[in-house]
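Below is one structure, written out as structure tokens; comments come after it.
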Amino acid sequence: MNETALLINTALASGTTLALAALGLLINERAGVLNLGAEGMMLVAAVAGFATALLTGSDTLGFVAAAAAGAALAAVFGLLVIFLNTNQYATGLALSLFGYGFSAFVGVSMVGKSLSPRQQYAMPVLSDLPFVGPAFFSHHAMVYVAMALTAAVAWFFYRTRAGLLLRAIGENPEPAHALGYPVRLIRLAAVCAGGALCGLAGAYVSLVTAPLWVEGLTAGRGWIALALTVFATWRPARALLGAYLFGGVTVLQLSLQAEGVQISSHLLTMLPYVATIVVLAVISRNAAFIRLNMPASLGRPFRPGS
Amino acid sequence: MSLRLELIGIGKQYPAVKANDDISLRVKAGEIHAVLGENGAGKSTLMKIIYGAVKPDEGQMRWNGQPVQVASPAAARALGISMVYQHFSLFDTLTVAQNVWLGLDKGLALPAVTARITQVAAGYGLDVQPERPVHTLSVGERQRVEIVRALLTEPKLLILDEPTSVLTPQAVDKLFTVLRRLAAEGTSILYISHKLDEIRALCHHCTVLRGGKVTGEVDPTQESNASLSRLMIGAEPPQLTHAARAAGPVVLQVQGLTLAPTDPFGVALDGVALEVRAGEIVGMAGVSGNGQQELLAALSGEDPRAPAGSIRLFGQDIARQSPRRRRREGLHFVPEERLGRGAVPTMSLAENTLLTRTAGVGAFGWLRTRTVEALAARVIARFQVKAGGAGAAARSLSGGNLQKFIVGREIDAAPRLLIVAQPTWGVDVGAAALIRGELLALRDAGCAILVISEELDELFEISDRLLVIAKGRVSPALPVAEATVERIGTWMSGLWPGAAATEGGTHAAA
Amino acid sequence: MLRLEPRAAPSQAMTVASPLIALALTALVAVVIFAGLGTDPLAGLQVIFIEPLSTRRQISEVLLKATPLIVIALGLAVCYRANVWNIGAEGQFLLGCLGGGAVALWLTTQGIVLPKAVGVPLVLLGGMLGGMLWAALVALLRDRFNANEILVSLMLVYVAQQVANALVFGPWKDPQGFNMPQSALFHSSLLLPPLLERTRLHVGFLLALVLAVVATLFLFRSFRGFQLQVGGLAPAAARYAGFSARASLWTALLVSGGLAGLAGAMEVAGPIRQVTPYLSTGLGFTAIIVCFVGRLHPLGIVGAGVLLSLMLIGGELAQSRLGLPNAMASVLQGLLLLILLACDTFIHQRLRLTRSRARPA
């Protein structure tokens, strides 16, 4: 296989988790809610998806279960921060810590188990095309789902009245409330949708990337996805691109090791995290630029009738 | 005699106060009906009930003779009740058309809405451009958008909440023309205000509220300011003694203050120049959103980027100094926002004194609790702040009392220059009179005072000289004896003698 | 219809009762989990909450584990009250282990034997500096680049773990250690003096208590502490007052980094006695929970630290005695925090039953 094609293939494959998670977080944040529980949701969803696939032998059911688990956790988070007005940072953190422990607890019996052997993912005919075949058409279905969902969310945000309303609420919920819209329910819906997407992202790791279960499987991808939403200035297409770029960094990690380059394996493992820090620094530097693009009510509690 | 709207025995209880107590209101078709009351009298709550944003605890509402329950703003709109808000109802980052679109219930597409906006606006002589993002609009323009949005719903009852606080006197006249036309076409109008002159000029009928109860239902054209005032606050409007005084040396000198805004939606300051002398009050008028915030931040030190030499206190250049340094030199400042900026809501009044007063800070930064409490107690006593003691949390005070405390805290510091923004906004008449009296007393004692306010009446009452801020520029100063409301009103649109005609004129100041 | 209404003033009763109610509810969930796993619920509760306090030795272990939790959480309280969301305490703790370890290893391998009163503080200082350095990175990135401190501090945890691994698998590997990834044992002169004979409890616990008092004075009786709190509660008021946001940022991060680093040094100069790849056990994250359960107040943090240490040790006991998975303790901790946050809303708000429609006149 052509080197570059392989590079693209791996970047797409390993970036899909980030793409799905970032997309879900983006929907949250556009509505004005910051969910730091991404990592926890992804872990719980990963173990739920894995368990379901193990039990039923069906990947699809695994993804469905994962999405449901993500949405359920997100709903708990949403009820706390939207209706009880708990501190968004603390609650999100709590969710992540809880998710970490809960997934470890539930997954204890599944460590080391493996799913039925994975087949090669290839689309008929298209995957035989030179270069583009291996690069773009030899993926698990979820990769294409991620792209399709990104397009769908972008269309929703920029072409529909409901999407306009969601974005408006993220800027300032007061006018929406004054006009009589159920701001809190809309935010809850956004949070749950975001949770479902994070769930899919988590299951992708345990069902496709790994595929296995160990404690802490997602290794911080939920946090990286949070950074990605900033990098993408809250736009779906940019989030997808950013996710693939990060996927490329992981590729770099693997290919450097494969080439036998004499870099400490520890340094290579650090790469995605250091890259995240660098990206954050570069993109956040212009505070005015960030303020212009960030949903203005992000992280702030909304109290109707105050 | 058809009553469009009738309220019978409406009551609403909040944890600390009964906002509405057995209120009755009768509005005929095509009538402009004023609801008069000072701040805190219960007008807002009543309007929220009519508009469906709040549910009453007691009482009944009748619409065209039929009893109704208005469960939500959407239900109110369905009945034909439409509200023009004072704040918080437009999305800054969206265009006018998008905002109006979100405010409509019907399933119209955006282009159709845009066309309707242009049509209705033209029909009533209101200048509104649908493609403009709302954040580029002045406050007066935003109000026009609100009115057009309300008109698009073809309302039977239009509610306006303090509409003229953001308008120049000329713009007020234009608004009144539109309202009279609407009333003539059969729309009923509820006009909420505390401005006696306007109500007497515009309204057919008036219900007066005080302390949550109705104190009178009168025909304002037959009443005088004094009689309305008696109904509104139980007494005549308090008189203040404003004796002429020769001003002393220049305390604050601002020259060539040009500053780009930090906020992408802010206003740039353009060569601001002004002077305040010891023993005088300079009043700065201007419609909100013309650079007051930016100028105040530069003067207080919250924005330390002013060009060197552009701000001088007693001749010393303070343009780049921090707020604490400026306070040491005698510059004290009362901000527009109380909770969250002038005071920390969850901290006690005693702790809040530490924001601007350093008497309680000992060696190595040790806090002297007794000193701080004594200071707070002194301010509370002198300024008649109704609070549960120096330990009460700032947010437990009413707006008027908190403002008295904050103003008191700064006056108690015996400043040499006091800058006050919106001293009596949202404050009840008694507290407002006390604050204005204290400012006059401070001026008599030799302090230089700069007051920025949107209430022209207040500025005329206490200022020695007046100036106007518009589009980031400041007019020359005018002795108050030479100023008239009309003249200041014109200046508020940026049209003072010597104003550079550089602005294309597409963006009005009001 | 149930509505949530703001209270006129925060409820004193709820402020105290909230953590207790949260604890009770968490215990309830634990009972459910036990039942679901086929374990006797009462036996489970007993093992987790009572057993660790049953003997002198057990109590000393609880206090021993509480020490780093308390110290780290004190630093986090300063941070969170300033609205600086440092969640990378685990990384700063690790750098503290490495910093203290570096000093201890150098002294040990050079054969320098110092009196305890000098050697131990040097090791602790090394740890503090290590933690401060790691936190300074976060402060720098936020100060200069406006980068979100939550994400940066967390990413640095993963980086710290790799740094520690690189050292322990590489230059710090004990030449006499049979090629095991661990450093040489530190000389006994560098270890913290014990507090209670025949136990592992050392003076670090006393130090933690002293630090709690210092933290209380700092937060509530010093002007710098006041400035930090205003910055966290009302940033616009802090700007109005002229309190430097930059100074508060650096103070908060350096204090919490320093304290987390100190806790790290206390670990390696205490029971562990060397640098191993297993130092990162999640204490930095548990400390976040301790901080909240302790209401961000130093004195509450002492109590919460003991409580969560109890749960951690109880979890280990439950694993060995009852065969329950070890992750159980971390589930209960996460749950405790979530329930606590929910209960806390009732400090400032109150549930009311209201009629949804007006009565007809």
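Protein chains in written order, with the numbering used here: chain S, 1 to 306; chain Y, 307 to 816; chain V, 817 to 1177. Glycine residues also receive a C-beta, built at the ideal position from the N, C-alpha and C atoms. Small disclaimer: the values here were computed from a predicted structure and weren't measured.
Secondary structure of R516 (chain Y) (DSSP, three-state): strand. Fewer than three Cβ pairs drawn from the region 268-276 of chain S and the region 539-559 of chain Y lie within less than 8 Å of each other, which leaves the two stretches out of contact. Note on geometry: alpha-carbon atoms of A566 (chain Y) and V560 (chain Y) lie some 16 Å from one another. Here the alpha carbon of V900 (chain V) sits roughly 11 Å from the alpha carbon of S969 (chain V). Minimum Cα-Cα distance from G1139 (chain V) among the listed residues S:S109, S:E215, S:V230 and S:F231 corresponds to S:S109.
Residue range I387 to V390 is occupied by the beta strand (DSSP E) that includes V390 (chain Y). Less than 7 Å divides the Cβ of E344 (chain Y) from the Cβ of I539 (chain Y).
At a beta-carbon threshold of 9 Å, none of the residues of chain Y lie near N85 (chain S); the nearest stands roughly 15 Å away. In the pairwise beta carbon analysis, the region 37-55 of chain S is classified as not touching the region 133-153 of chain S: fewer than three pairs are separated by under 8 Å. DSSP lists Y:L342 as the beta-bridge partner residues of S499 (chain Y).
Runs of the beta strand (DSSP E) lying entirely within the region 712-758 of chain Y and spanning at least 3 residues, in chain order: 723-727. Here N326 (chain Y) is bridged, per DSSP, to Y:K318. Put simply, the CB of P567 (chain Y) is far from chain S, with every gap to its CB atoms at 7 Å or more. Beta bridge pairing from DSSP links G804 (chain Y) with no other residue. Sequence-distant Cβ neighbours of F231 (chain S) in its own chain, meaning closer than 6 Å and more than five residues away, are G242, V279 and I283.
Note on K349 (chain Y): 16 or more other CB atoms within 10 angstroms of its CB, so buried under the neighbour-count rule.
Counting C-beta pairs closer than 8 Å gives fewer than three between the region 180-189 of chain S and the region 315-325 of chain Y, which falls short of the contact rule.
Contact check for C913 (chain V) against V1106 (chain V) fails: the beta carbons are separated by 7 Å or more. Exposure of N995 (chain V) is indicated by the presence of fewer than 16 other C-beta atoms within 10 angstroms of its C-beta. The criterion of a C-beta distance shorter than 7 Å is not satisfied by E542 (chain Y) and S533 (chain Y). Within the region 1030-1060 of chain V, R1037, S1038, F1039, R1040, F1042, V1046, L1049, A1050, A1052, A1053, R1055, Y1056, A1057 and G1058 place their CB atoms closer than 7 Å to a CB of chain Y, listed in sequence order.
Looking from the CA of P1087 (chain V), the closest CA among V:R1111, V:R1040 and V:R1014 belongs to V:R1014. S378 (chain Y) places its beta carbon less than 7 Å from that of G358 (chain Y). DSSP places Q598 (chain Y) inside the alpha helix (DSSP H), whose first and last residues are Q598 to S606. Cβ neighbours of I875 (chain V) within its own chain (closer than 8 Å, five residues either side excluded): P868 and L869.
Not a single C-beta of chain V is nearer than 7 Å to the C-beta of S350 (chain Y).
Between the alpha carbons of V984 (chain V) and L1075 (chain V) lies a distance of about 23 Å. No residue range can be given for T662 (chain Y), since it is assigned to no beta strand (DSSP E) and is classified by DSSP as neither H nor E. By the Cβ neighbour-count rule, Q690 (chain Y) is exposed, with fewer than 16 other Cβ atoms within 10 Å of its own.
Taking 8 Å as the cut-off between beta carbons, none of the residues of the region 216-231 of chain S comes near chain Y.
Looking at the backbone, the Cα of G101 (chain S) and that of R872 (chain V) are separated by about 30 Å. Chain Y has no Cβ within less than 7 Å of the Cβ of A135 (chain S). Within a 10 Å sphere around the beta-carbon of Y974 (chain V) sit 16 or more other beta-carbons, which makes this residue buried. Closer than 7 Å to the CB of P301 (chain S) there is not a single CB belonging to chain Y. Residue environment for I886 (chain V): buried (at least 16 other C-beta atoms within 10 angstroms of its C-beta). Not flagged as an interface residue toward chain V: H177 (chain S), since no C-beta distance is shorter than 7 Å.
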